[in-house]
Amino acid sequence: GIAAADYLHDYNLQTSRGFRALKLWMLLKEHGVEKFGRLIDQNIGQAHYLTGLIEAEPLMTLMAPTSVNIVSFRYDPGGMDESSLKSLNTEMMLRLQEAGIAALSDTTVHGRHCLRAAICNHRTRREDLDLLIAEAKRIGGEVHTKS
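Residues 20 to 166 in this note's numbering are what the sequence shown spells out, letter by letter.
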């Protein structure tokens, strides 16, 4: 009867998991590897653009060289200890997230707390990165003034 029929999902190598790679495989088949390569190159270029914005801003400090799509930086008005800088940057990160400006994360580079921008959305524009730095300066200044 039907209750004894073979089910195709029983022939999957990992019977408890769905075929999650199918989405990626279909995207690669539809759009091609070259298009994904261009999008990755675009994100890396945007990371270098963001790096330039940070290096040009006296209140921002680049925390590590940018080699791929990840930029580590922090707001540093000067004259603050590491603990205070961590509190300031964490609050700034949360406000940027709550305002819908950027979804940054935080990390530690060489024992120093900083923010991490991982640019991986193909819809990211340079204007978004300009806004990120402008708002980070504004919010960082507000948080610093109140502390």
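Glycine included, C-beta positions come from ideal geometry on N, C-alpha and C.
Since we're looking at a predicted model, the values are computed, not measured.
Sequence-distant Cβ neighbours of Ile73 in its own chain, meaning closer than 6 Å and more than five residues away, are Met79, Leu81 and Phe92. Relative to the Cα of Arg157, the nearest Cα in the group Val128, Ala136, Arg145 and Leu107 belongs to Leu107. Assigned with DSSP and collapsed to three states, Arg39 falls in coil, not helix or strand. Burial state of Gln116 is exposed, judged by a 10 Å Cβ sphere holding fewer than 16 other Cβ atoms. Apart from sequence neighbours up to five positions away, the residues of its chain that approach Thr70 with a beta-carbon distance below 7 Å are Leu81, Thr85 and Val90, ordered along the chain.
Counting only unbroken stretches of 4 or more residues, the alpha helix (DSSP H) elements lying wholly within the stretch 91-159 are 101-117, in sequence order.
Per DSSP, reduced to three states, the secondary structure at Met45 is helical.
Going by beta carbons, Asn88 and Ile138 fall inside the 7 Å limit. Just measuring C-alpha positions, the residue of Glu161, Glu101 and Thr164 sitting nearest Gly130 is Glu101. Here Asp149 has Leu72 as same chain residues with Cβ atoms under 8 Å from its own Cβ, once five neighbours each way along the sequence are excluded. For Leu81, the enclosing beta strand (DSSP E) begins and ends at Met79 to Leu81.
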